[in-house]
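Here's the structure, in structure tokens; my notes come after.
In my numbering, the protein residues as written are 15 to 615.
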């Protein structure tokens, strides 16, 4: 990537011609992806798939495509800061094709990762075009990236596909920055690049990083004017901000940032951890909590040494290293948001390397001498081939870690630095699976480790109540007095506890909880069923219909199905039939076995 130009430069030379398509390389890359990830087709839904696939009402019909842009993720599940409508649109497509058969959803993940690999291959070919061995180097960059197990959680895990989507569109946008079109005027056509950049941002928040990357590459690679840059970059940014600002969200629990010194230390540790994973990915896990991981001092020292080495290399400023320096700068820009310096919901997760590692691979390929000295070539080729074989084998084995929820959670927790939320999820899974005592014991252990974790204490209260220990549950929720954000959930537990002995008081508690969460289907559904028992189905159906016209929205198939049931019980067959029709529009796989009953999917 060339150096910045003066304010009144001479006309820049045209960028190198776009490399012709290389179909054998493309087919080989797709084949490699399928070979290492094929076992994922036998896996089920795990982790956040429960909320984002099985429980999200907006994935069940293409008719709801517009609603996908009006709601953050984790609708009807929990608070979230994730706005990823394009991910949700792909879920709609999968549901239409496969229903809830997980193999089809996993196939889509594989194809998206293969698409991102091909996009990276094209970008690498353009980036390395000045190199004598551009074609083999670009192929090896894409191959190593495609089969590297550090990306496995973005591919094997259905909800992880947001990384592949964002990278696919982002790499395509950057390819346009290097080769904007077949003739000079095409460089000033903003639409394709703007659309790709917008699609990357709407796939995952980290896709926004492609905006500064595109500006950097287009300004110094193709030397576009500032006006052209603004025309391309500001349009998708403005669209994204407007769409996100207009979407409905339930705020997640606040993230309390650690002191800057602590974050800087964790960032150095994370850098060392990531370097080890990229070089020799032996111990893989969904995410890590470096605060409790052993070996903090060695990680800190290694991270500092890596940072100093990178700075020293950068300061050398050799003219023949410009492409490598440009790729390294892009890798750094993509890495900073996930480095640990900026507070987010974890401090180390290997799938965050999906985009930074691509540019790091291009930088390494650009920095190597071309060609390698003849005396080193056999040993280097053998070592690299062995490393690729190891990567592919490790990725192939990694598929089994995601087979089902129990396997995923137990193998993740087996690592020494698994976060407590993994343990809480395993506790809940065991409890729901009938292992009540084991689940309760594990959840109590989580609370002993983190007594100030309010969500964990709430989960323990719910388990105790479901296990019949109302007194123990009461002791737990009483310790949540004053935690305003969890007040509706506490009221719900109290209502469940009083449902048998004081149904009127329970109904009042449910009404208050519903009013505090006016858009929550979970609260409204419970209230509607309780109201039907207390005051009859006519009152419940009227209340539910009013809620659907107001804060709740009319996009849920489940709410229409419940309305159909209540209307039929209240003796309103016309309303029940209309509600069933509306439910089927919102869930294309909904089949009513009997009037007013929910369907078999």
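All C-beta atoms, glycine included, are put in the ideal place defined by N, C-alpha and C.
Nothing here was measured: the structure is a model prediction, and the numbers come from that model.
Going by beta carbons, residue 103 and residue 96 fall outside the 7 Å limit. In the structure shown, residue 162 falls within a coil segment according to DSSP collapsed to helix, strand and coil.
Membership of residue 366 in any alpha helix (DSSP H) is not indicated, and neither H nor E is assigned to it by DSSP. The straight-line gap separating the alpha-carbon atoms of residue 448 and residue 253 is approximately 48 Å. Excluding five sequence positions before and after residue 258, the CB atoms of its chain that fall closer than 8 Å to its own CB belong to 97, given in chain order.
Within its own chain, the residues whose Cβ lies closer than 6 Å to the Cβ of residue 94, once the five positions on either side in sequence are excluded, are 86, 87, 88, 266, listed in chain order. A distance below 7 Å separates the beta carbons of residue 155 and residue 375. The residue from 479, 545, 511, 364 with its alpha-carbon nearest to that of residue 293 is 364.
If one requires a minimum length of 4 residues, the alpha helix (DSSP H) runs lying completely within the region 521-579 are 535-549, 551-563, in chain order. Residue 378 has its alpha-carbon roughly 22 Å from the corresponding atom of residue 127. Residue 475 sits close to residue 491, with the two beta carbons spaced by under 7 Å. For residue 105, the enclosing alpha helix (DSSP H) starts and ends at 99-112. Inter-segment contact for the region 72-82 and the region 239-250 is absent: fewer than three beta-carbon pairs are separated by less than 8 Å.
When the alpha-carbon of residue 415 is set against those of 61, 463, 278, the nearest one is in 61. Scanning its chain for C-beta atoms nearer than 6 Å, with the 5 sequence neighbours on each side dropped, one finds around residue 352 the residues 366, in chain order. Note that the C-beta distance between residue 524 and residue 554 is not below 7 Å. The Cβ atoms of residue 520 and residue 513 sit closer than 7 Å to each other.
Ranking 138, 67, 142 by CA distance to the CA of residue 112 puts 67 first. By the C-beta criterion, the region 173-184 is judged to be in contact with the region 215-228, since at least 3 inter-stretch pairs fall below 8 Å. As computed with DSSP, residue 302 is found in a beta bridge with 362. Remark: C-beta atoms of residue 304 and residue 280 approach each other more closely than 7 Å. Excluding sequence positions up to five before and after residue 477, its CB lies within less than 7 Å of the CB of 445, 453, 454, 457, all in the same chain and listed in chain order. In terms of Cβ geometry, residue 137 and residue 151 do not form a close pair [threshold 7 Å]. CA-to-CA, the gap between residue 45 and residue 566 works out to about 46 Å.
Secondary-structure assignment with DSSP links residue 85 through a beta bridge to 262. Residue 133 has its alpha-carbon roughly 6 Å from the corresponding atom of residue 186.
In this structure residue 481 is not in contact with residue 511, their Cβ atoms being roughly 12 Å apart against a cut-off of 8 Å. Relative to residue 166, the option among 422, 589, 506 whose CA is nearest is 422. Here residue 471 carries a helix assignment [DSSP, helix/strand/coil]. In this structure, the CA atom of residue 58 is about 17 Å from the CA atom of residue 125.
Spanning the alpha carbons of residue 589 and residue 530 requires a straight line of approximately 29 Å.
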